[in-house]
Every structure is written in structure tokens, then in C-alpha cells.
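S.K.: Going left to right, the sequence shown walks through residues -17 to -1, 1 to 977 as mature numbering (1 follows the signal peptide of the UniProt record, and there is no 0) numbers them. For every residue, glycine included, the Cβ atom is placed at its ideal position computed from N, Cα and C.
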Amino acid sequence: MKIHVSILFLNITAVVSFFCVAFSDVMCRERDRAALLMFKNDLHDPAGRLSSWRGGANCCKWAGVVCHNITGEVHELRLRNPHDVPCSSPNYDAAQFEAYSTHKLGGKLNPSLLNIDYLTHLDLSCNDFEGAGIPDFVSSMINLHYLDLSSCGFVGAIPHQFGNLSRLQFLNLGDPYSRNYGNFESKLSIRDVQWLSYLSSLKHLDLSGVDVSEASDWVHALESLPSLLELRLSRCGLKPPISINAVNFARLSLLDLSWNDFNSLVPHWIYSLGNLVHLNLSHCGFYDQLPVGLLNMTKLEYLNLSSNNFTSPFPKGFSGLGNLKVLAVADNLIEGEIPSTLGDLTSLAILDLSGNRLEGMLPESLSNLCNVEELYLYGNRFSGDFPTFSGCISDSLRLLYLGSNKFSGPLPSNLEHLARLRELDLATNKLTGPLPTNLGQLHELEYLVISDNSFEGVVSESHFRNLSRLKIFRANGNRFIFKPRRSWIPPFQLEGLTLRSWQLGPEFPIWIKHLKHLQYLSFASTGIVDNIPTWFWNMTSQMKYLNLSNNMIKGQIPSLLDFGLSRNVAIDMNHNLISGPLPSISSNVTILDLSYNLISGSMNHFLCSNAEQNMKLEIVDLGYNSLSGEIPDCWGNWSLLSVLRLQANNLSGKIPSSIGLLARLQSLHLRGNNLSGQVPVSLQNCVDLMVLDFGRNHLTGRIPLWIHKLSKLAFFNLRLNEISGNIPVELCRLASLQALDLAGNNLSGRIPSCFNSFSVMAGKHQPSGRMYYSAYDTFGGVRDSQYLVVKGRFGLYSSILHWVMTLDLSDNNLTGTIPVQIALLSKLQTLNLSRNSLTGSIPQNIGNMNLLESLDLSKNKLSGQIPQSISELTFLSNLNLSYNDLTGRIPSGTQLEGFDASSFVGNELCGPPVSEKCSVDEETLGKEDEEEGDTSILGEGLGFFLSILLGFVVGFWTVIASLQLNMSWRNAYFGLFERIGNYIYYVCAKCLRR
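(1) Indicate the three-state DSSP secondary structure (helix, strand or coil) for Leu921 in the structure shown.
(2) Leaving out five residues before and five after Pro73 in sequence, what residues of the same chain have Cβ atoms less than 6 Å from its Cβ?
(3) Which ranges does the alpha helix (DSSP H) cover as unbroken runs of at least 4 residues, wholly within the region 455 to 529, from first to last along the chain?
(4) Would you kindly check if the distance between the Cβ of Leu790 and the Cβ of Leu821 is under 8 Å?
(5) DSSP on Gln804, reduced to helix/strand/coil?
(6) Would you say the region 577 to 590 touches the region 598 to 606, given that touching needs at least three Cβ pairs under 8 Å?
(7) Where does the unbroken alpha helix (DSSP H) through Arg381 begin, and where does it stop?
(8) Residues in its own chain within less than 6 Å of Pro274 by CB, not counting five upstream and five downstream?
(9) Which whole runs of the alpha helix (DSSP H) in the region 847 to 886 are 4 residues long or more, in chain order?
(10) Can you say whether Gln721 is buried or exposed, counting buried as having 16 or more other CB atoms within 10 angstroms of its CB?
(11) In three-state DSSP terms, what is Gly367?
(12) Excluding the 5 residues flanking Met280 on each side, which residues of the same chain have their C-beta closer than 6 Å to its C-beta?
(13) Check whether the region 612 to 621 touches the region 571 to 578, counting contact only when three or more Cβ pairs, one atom from each stretch, lie closer than 8 Å.
(14) Measure the alpha-carbon distance for Ser392 versus Pro417 and round it to whole angstroms.
(15) Consult DSSP for Ser542 and reduce its assignment to one of helix, strand or coil.
(16) From which residue to which residue does the beta strand (DSSP E) around Asp604 run?
(17) By a C-beta neighbour count over all protein chains shown, 10 Å radius and 16 as the cutoff for buried, is Ile253 buried or exposed?
(18) Which ranges does the beta strand (DSSP E) cover as unbroken runs of at least 3 residues, wholly within the region 573 to 622, from first to last along the chain?
(19) Straight-line CA distance for Thr800 to Arg733?
(20) Whether or not the region 553 to 564 and the region 516 to 534 are in contact is what I'm after, with contact meaning three or more pairs of Cβ atoms, one per stretch, closer than 8 Å; do they touch?
(21) What are the boundary residues of the beta strand (DSSP E) that includes Phe145?
(22) Do you know offhand how far residue 1006's Cα is from Leu127's?
(23) Taking one C-beta from the region 90 to 100 and one from the region 31 to 49 each time, how about it: are there three or more such pairs within less than 8 Å?
(24) For the alpha helix (DSSP H) that Glu58 lies in, which residues bound it at each end?
(25) What's the C-alpha gap between Asp271 and Cys109?
(26) Straight-line CA distance for Ser781 to Lys496?
(27) What span of residues does the beta strand (DSSP E) with Ala311 cover, start to end?
(28) Is Cys901 helix, strand or coil by DSSP?
(29) Excluding sequence positions up to five away, which residues of its chain have a Cβ less than 7 Å from the Cβ of Pro29?
(30) When you compare the CB positions of Gln804 and Ser736, do they come within less than 8 Å of one another, or not?
(31) Give me the residue from Ser348, Leu840 and Ile141 with the minimum Cα distance to Gly157.
(32) Shortest alpha-carbon distance to Gly276 belongs to which of Asn263, Gly257, Pro346 and Leu382?
(33) Which residues mark the beginning and the end of the beta strand (DSSP E) in which Pro413 is found?
(34) Give me the Cβ distance between Asn292 and Phe269, rounded to the nearest whole Å; I'm assuming they're in contact under 8 Å.
(35) Quick check on Ser134: does DSSP put it in helix, strand or coil?
(36) Of the residues Leu856, Cys901 and Val743, which one's Cα is nearest the Cα of Phe882?
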């Protein structure tokens, strides 16, 4: 018996071996091979991914081809880009994008695929067909069970003939992270969704990023798919369906409706999906309270309600969702405290409540979340001591984000209990005390952010002894001192290190030379008084961000041609003692700030030696140096520039016309140089300009008539030049203007009466709110700034620049009257028309400028009285009406009487605050208009006053009769008059003593 069994086993083994060998050598059909070769010939394959596709070879062994293991028929074609991170995630670096770009297939799709009779699986996802439409022949491949054309760069309408693919079980046409392909945006669309209802076998449908905005009946069309398990409709422009209470998605387990602007309540039909395991309703504009209807969906494991407008306290009922592994309710308006019942969600692995208005202390029940690996609570109002996390949560936590709250006090002594912690963010709290040494026992820590707290004390080498895995360390804005031994070698290889405001100097930290992978470094305001060592510049090839600003760094900067191998590099070394010429820079530098240094010499080599490179510089600030010579006329190679700051140097000559080639320019600062000539006509091509500052130069000519073409201009400064002629009415077409400074020129003629066309100053439109420029900066971006004369003081405005409203025409030769239209600029904060030859009176309606803080009309020839309405300017803190021909009484009011008499000197004014008292005649003169008005009223309302007189007579004799009849009433009445008389006498005597 045993012999027979052994023989049987040997026979089975032999048969299996035979078939295995046979299957491994199965040959593809000639018809299929020919079809694939034709298909390949029309594709672009820059990386040679299809190099194995050669004639005569067995196509079953070609890359991406899967055959039936007996018949050799081609069943599957899997050609997804192997470097697919940019297609599956919005977060990718330059290297990942480069790999994706290199390996993507392109060209066109050859219909030869129709000759592959048994093809059931086609995946071409994450390639780039450059704006072509989906070929019609795809809808004839009726044997397909699996079709993935996602993120392929297809555009246009999806053929409705796709409804013929009735065997499809998987269909993905989405592009969830739509990118720009050349000059067009990847966007497929569906106008009529009815063809989807014919795909009766469909289990998985992904239309993310497809435009379905014209289809209002999408719910009815999709609920007719009886097998549907997963439905992804993110970023589809969906409209909320007309009220539907329930739908027939009996088997649906995944629903993703994120990034659609529903702006409504959560639709009731969603509550009927009792089998849902995954639900994503983020970024949908849903409002009102958190939907309690979701609390009955007990099978949910993933729930994302982030980035909506949900309000009210956090409901306690979420504890019933015991299967939840991911709960995200970030970026809403939820208030109150976290309910202790949230600790009952013991299956949670990720909890994200960040970006709300939650407050109070964290409930102790959170320590019961034994499976939580990621906890995001940043951007709330939590307070109290730093939580200890002493329960079983300490064994599971990997990511802990508590930044931007109000936690106070020192870090706990048991911090080392969070032994598995990989990322810790405590930035922007009120934490105090020294850095605890037990922080160094978190040996798995890779990301540590403690910036902008009130920590202080000495940091030693022992703090970092066990942090060998640390990659990111950001501790800006604390008062730490760190001065390790010169021989100290850090145990970590950091990629990002920012220690702004630490005390590291005076020597340049030598231990940096051991950090070979450093990409982001900030030693701003760290007390360094030293030259930058040569070895440092040799390690900057991988740098993406360098900030050494606000130190006393000396010496010259060598060539930066090798700085940063990848695009988007930021260098900030402002406020130092750097000298010598400008360095040559790499074409990868995007932001360069060398302002407030001692750099000298010409700009010619810096600007004009890169003629053969495409420079990527977007923001450059070389202000407050000692640059000299002319501004070179070679700006054509800097086409990406959006901010150019060359103010406060010694530059001379004319403004070069090639600056007009900077079509993306938004902010141009040339103030405080020795520039001459006229404003170049070519500048009218820079239609995105928002800030134009040419102040304190020697420019001549007139204000250009083409200035109105710069329709986005918000700040226009020609202060202290030699501009002549009239103020052109074309200036009034700059509706976005917030600050106009033409002071200190030779302008003549009248002030245009159309200044009320400055819509932002007049409050008809909101200011742009964007004095902030988009350029690569991991740590925040670049905010513009502008020097302005406000309230008679010259100052720098940055963070509040977009709210500043000022008009300064002072120190010119302007004549005529002040247009009453100026008083319609109700949002104006500063108005200065001083030192001109303006005549006439101050506009009577000046009180309409209710936000005015500074008003200077001094040294003109204004006459007449000061309008009474000026006393209504309650924000006025700076007033100068001196040296005019104003007469009469200064309007009464606490606001005006609080100014010094010098504000009114050089006029014929009386009354507080000047010492000259007003005579009776002057008072009478000041009240003539009022008396005329009173006489008019009497004339028009004589009957009204006669009726009052009749009522007085009747009432008088009624009172007299009562007093005659009742002695106690009579005594009380005359006693009251005696007390009133005594009080009047006291007040009058007090006034006379004054």
C-alpha cells in the first residue's frame, strides 16, 4: 500500500512539474504580439519602459503584459507609471516629480488593442497623453473587466458609448490631484450620467476630478448599479441633489464626496447608507451642527468631516461608533470642550480635531485610546499644563501635534514614557522652563518642533545623545543657549534645522559641518559675529533654504552657482555686515534677500552674466547696500521676477527699458537712489504691478498718461523727485489705489475732481488683501513692505500694509480749491495737501472722512471758517491747519481742543486751543447762519409756535390755581425754584473766575 502511495505521489509531482514548465514557456499569440507592437509604435517612451517589446520575442514576457498561463492569450496590460507619487498624493518632492516626468508614457493610443480579443484588464494610469480626448475605440473593448485611465492628461467629454462596457467591474477615470499639463488643465467631463446606469457589473467607480457639474441627477443614475461597493466623486463640482431621503446603495461600503461645494446641510440620504465603512465628506461647505444622523452608521471605520463649517459643541454620541479607526473633524467651527466619552472609541488609530475652537483641558479619558497612533489637536484653544498622556496611549502614540494652543508651564517629567513617539509638534504655546533632558530619551523621534514658546536655559549635548533618528528640529523664538564642544559630532543627520533667536555665537557653529544632508537651515538672530567658513559653502549643493539674517556676519559671499541642485531655493542673509561685490547665483535660486548689508560695486555681472540660463528668481531684495553705477539693461532673462527691491543704494542713470519685460512683476522698489530721466514707457507692460516706488530720486518729466494701464496698482510713490506738469485725470482710473504719494515735486495746476474714483479709498471695494507674494519658502513666504509718510513720520509698513490708505500731494505748486470729492474718500487715513498754493475753503463735508487719522492742510492760502463737521473726525490724532487765511471761531469739540495751538498758528482764529478769545462780534458772526435758519423755521412754523403758546397759557393758570388752593404744594414749588437759582449762581461764578 505504501508503495502505491509513493508511486502515486511521484506521478502527481511529475505532472505538476510538467505543467509548471509548460506554463513558464507559454507563447503569446502572434495576433496579440502584432497588436502590441503597433500599439508601442505610437507611444513616446523616454525612459525605455517598453524596451523588452521586440519583434520575434515572446510577448508574454514583455514588461506589463500578462497572458493566460495555458493558452497564451494576452489578458492584461499593466502600464501604470512606476513612479506614481504625484498621481496618488499632493505631497511630493522635486525628485519624485522628476522621476514621474521621465517615466511617463505619451503619444497616442493605437486602436490595435481591439485586435487583442481577450483583453480584460487595461491600466494606463499616471501617464501623460497631453490633452487628447479619450479615444472612441476604448468603448468598443467590451470584454474589459478593469479599466484605469486615471491621471493620464485626457480632456474633454467622456464618450457616452462607455455604457457599452457592461462587464466592467472597475472603472477609474479620475485625476484627484489635477495638474497642469503644458498650457491646459487636465479635466474630463460628463454632461449626461445616464450611461453609467448601464454598467450593471460595476463594483468600483472613481471619477475624482471629473467635471460632473452639469449633471443634476447623478444620485439616481448611480443608485441603479446594484453591485457598487466603492464610489469616489471627489472634486467633481457636484450639485446637491434635490431632497432625497433614501437611496438604494445597498452594498456601498466606500463613499467619497470630498471637495465639492455643496454649501448645504448634509443630505439625508447619506444617513441611509448603513453598510458604509469609509465616508469622506471633507471640504464640502456643509454647515450647521455636526450631523448626529451619522451616529447610527455603526460599521464606519473611516469618517472625515474636515474643512466644513460645522458648529456647536462636540456631540457625546460619537462614542457609539466603536469601529472607528480614523476620525477627522479638523478645520471647522466646533466650540466647547472635548467630551470625555470620546475616550470610548478604543479602536481609533487617528484622531484629528485640529483647527477648531475647542478649549479647556484635555480629558483624562484620552489616555484610554490604546490604539491611537496619530493625534492632531493643534490650532485650538486648549489651555492648562501640558498633558501627561500617562495611560496606555503612551505605548501607541507615534505622531502628536499640539501646536498653536495655550498650553503653559514646563514639559512633564515623564515625557520619556512616550517611547514610540516619532513626530512631536508643540509650537506656538506658552510653555516655559528649560528643555528637559528626558526629551533625549525619545530615541525614535524624527520630527521635533518647539518653536515660539518661552523656553529658556542652557541646552547641552546630552539633550541630543539618543536622538539619532532626528531629521527635522525647529525651535525658533526661544531663549536657549547652545555652545557645545568644538569637537562635538551630532548623533543625527538632520534635513531641517531652525534655531532662530538661540544664542549660538559669536563663532560660526562648527558642528554644522557634520550634517551632510542638511536642506533647511536657519541661524537667524543667533549672535554670530564671524566670517562664514569656506567649508560651509562646500556643503550647500543640497540646500533648499538658508537663513542667516540679523547677525553680524562679515566677509564676502563666494559664487553661489552650485547652491541648491533642485529648483526653488531661498537664501536670506539680510541685516549683516557682508561686503564685496554681488555673487553669481545658481539658476535654481527663487528667493534672494541680501538687503541691509555693505555690498558694493556694479550689478552688471550679477544680472548680465546668465544670458544662456533660464533664471528662476522670483523675489530679489538688494536694498540698503552700496551698489553703484547704472541699473543694467539686461532684464530679459529674469522673466519670473515678481518682486524687485533695489531701494536705498547709490544707483544712477536712467531706469532701463528692459524692466518692462518683467511681465510678472508685482512690486518694484527703486526709492532712495540717484536715478534720473523719465519713467520708462515699457513699464506699462507690467500690468500685474501692485507696488511702484520711485521716491527720493531725480526723475523728471510728467506723470505718464499710460499709468491707468496698471489697473492693479495699489501703492504709487513718486515722492521727492522733479516731476512737473499737471496731475493727469488718467490717474483717477486706478480704482485699486490705496496710497498715492506725489509729495515734493514740481506739480502744478488743480487737483483733479475725480479722486473719488479711487474705489478702495472711497470704501466701494475692499483692498486687495494680498501684499504677499507666492514664491517657494518652506517657512512661510515673503510679505511685501513699503516706506510711507504717515502722520508726518517716515516709517516701514509690512504686516498691515494692505490696510494703509494715504494721499499725499504736499510740497508742490498746486493751485485752485480743494475738490469736495476728496471728502468722499471715507476710508482714507492720511491726507496731506500742505505747502501748496490752494485757495478757497476747506470742504464742508470733510466730516465724512470718518477714518481720518492725520490731516495736514498747512501753508496754503485757504480762507473762510473751519467747517464744524471737522469735529466729527473722532480718529484724528494729527492736525495741522497752520499758516493759511482761516478766520473765525475754531469749532468746539473735545477732539479739536485737544490739539496744540501750533496746529492753528498763522491764521486769524479764536477759541480753544489758541489763546485768542473770540469777541461778541465774532461769536455773532459765527452764529449768523444758525440765526438765519432759526428765523426761517419761525416763519414756516408760526402756527406750531402759537399752539405751544396757547398750551402754555392754559397750563400756567392751571398750576397757579392749584398753588393758590394748596399751601403745601405752594411751599414745595417755590423751594424748588430757590434751589435751582442757587445752583445757577454757583455755576456762573465759577465761569467768571476762569
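M.R.: The structure says:
(1) Locating residue 921 in the sequence shown gives position 938, counting from the first residue. Note that Leu921 has pLDDT 37, beneath the 50 cutoff, so the model's placement of it is unreliable and the number below is only indicative. Leu921: helix per DSSP, three-state reduction.
(2) For the purposes of this step, residue 73 is taken as residue 90 along the sequence shown, with counting starting at 1. Only Tyr160 meet the Cβ criterion.
(3) 517 to 520
(4) Sequence index remark: in the sequence shown, residue 821 carries index 838 (1-based). Sequence index remark: in the sequence shown, residue 790 carries index 807 (1-based). No, Cβ-Cβ distance for Leu821 and Leu790 is not below 8 Å.
(5) Your numbering for residue 804 matches position 821 in the sequence shown. In this structure, Gln804 counts as helix in the three-state DSSP scheme.
(6) yes
(7) Here residue 381 corresponds to residue number 398 of the sequence shown, with the count starting at 1. Unbroken run through Arg381: none, as it is neither H nor E.
(8) As a working mapping, residue 274 is identified with position 291 in the sequence shown. Excluding sequence neighbours, Pro274 sits near Val249.
(9) 877 to 880
(10) Residue mapping note: residue 721 aligns to position 738 of the sequence shown, counting from 1. By the neighbour-count rule (16 or more Cβ atoms within 10 Å), Gln721 is buried.
(11) The sequence position of residue 367 within the sequence shown is 384, counting from 1. Strand.
(12) Here the question's residue 280 lines up with position 297 in the sequence shown. Excluding positions up to five away in sequence, the list reads Leu259.
(13) no
(14) What you label residue 392 is simply residue 409 of the sequence shown in a count that begins at 1. What you label residue 417 is simply residue 434 of the sequence shown in a count that begins at 1. Checking the sequence shown, residue 392 turns out to be Gly, not Ser. Taking the straight line joining both Cα atoms gives about 10 Å.
(15) Here residue 542 corresponds to residue number 559 of the sequence shown, with the count starting at 1. The answer is coil: DSSP assigns Ser542 none of H, G, I, E or B.
(16) Working through the sequence shown from its first residue, we reach residue 604 at position 621. Here the beta strand (DSSP E) through Asp604 covers Ile602 to Asp604.
(17) Working through the sequence shown from its first residue, we reach residue 253 at position 270. So Ile253 counts as buried.
(18) 581 to 584, 602 to 604 and 609 to 613
(19) Within the sequence shown, numbered from 1, the residue matching residue 800 stands at position 817. Within the sequence shown, numbered from 1, the residue matching residue 733 stands at position 750. Using only the alpha carbons, I get a separation of about 7 Å.
(20) yes
(21) The count along the sequence shown starts at 1 and reaches residue 145 at position 162. It is not in any beta strand (DSSP E) - Phe145 carries neither H nor E in the DSSP assignment.
(22) Only positions -17 to 977 of the chain appear in this structure, which leaves residue 1006 out of reach.
(23) no
(24) Here the question's residue 58 lines up with position 75 in the sequence shown. Position check: residue 58 holds His in this sequence, whereas Glu was assumed. Not the alpha helix (DSSP H): His58 falls in the beta strand (DSSP E), residues Val57 to Arg61.
(25) For the purposes of this step, residue 271 is taken as residue 288 along the sequence shown, with counting starting at 1. For the purposes of this step, residue 109 is taken as residue 126 along the sequence shown, with counting starting at 1. Straight-line Cα distance between these residues: approximately 39 Å.
(26) Here residue 781 corresponds to residue number 798 of the sequence shown, with the count starting at 1. Here residue 496 corresponds to residue number 513 of the sequence shown, with the count starting at 1. Per-residue confidence for Ser781 stands at a pLDDT of 46, beneath the threshold of 50, marking its modelled position as unreliable; the derived number appears in the next sentence. Their backbone Cα atoms lie some 36 Å apart in a straight line.
(27) On the sequence shown, residue 311 is found 328 positions in, with the first residue counted as 1. Note, Ala311: beta strand (DSSP E), Val309 to Ala311.
(28) Within the sequence shown, residue 901 is the residue found at index 918, counting from 1. Coil.
(29) If you number the sequence shown from 1, residue 29 lands on position 46. These residues qualify, in order along the chain: Thr85.
(30) For the purposes of this step, residue 804 is taken as residue 821 along the sequence shown, with counting starting at 1. For the purposes of this step, residue 736 is taken as residue 753 along the sequence shown, with counting starting at 1. Yes, the pair counts as a contact, with Cβ atoms nearer than the cut-off.
(31) For the purposes of this step, residue 157 is taken as residue 174 along the sequence shown, with counting starting at 1. Closest option to Gly157, Cα to Cα, is Ile141.
(32) Here residue 276 refers to the residue found at position 293 of the sequence shown. Selected option, being the one with the closest Cα: Gly257.
(33) Walking along the sequence shown from the start, residue 413 turns up at place 430. Just to set this straight, residue 413 is Lys in the shown sequence, not Pro. Residues Lys413 to Gly416.
(34) On the sequence shown, residue 292 is found 309 positions in, with the first residue counted as 1. On the sequence shown, residue 269 is found 286 positions in, with the first residue counted as 1. Yes, they are in contact, since the Cβ atoms of Asn292 and Phe269 sit about 7 Å apart, within 8 Å.
(35) Here residue 134 is taken as the residue at index 151 of the sequence shown, counted from 1. Ser134: coil per DSSP, three-state reduction.
(36) For the purposes of this step, residue 882 is taken as the residue at position 899 of the sequence shown. Looking at the Cα atoms, Leu856 is the closest of the given residues.
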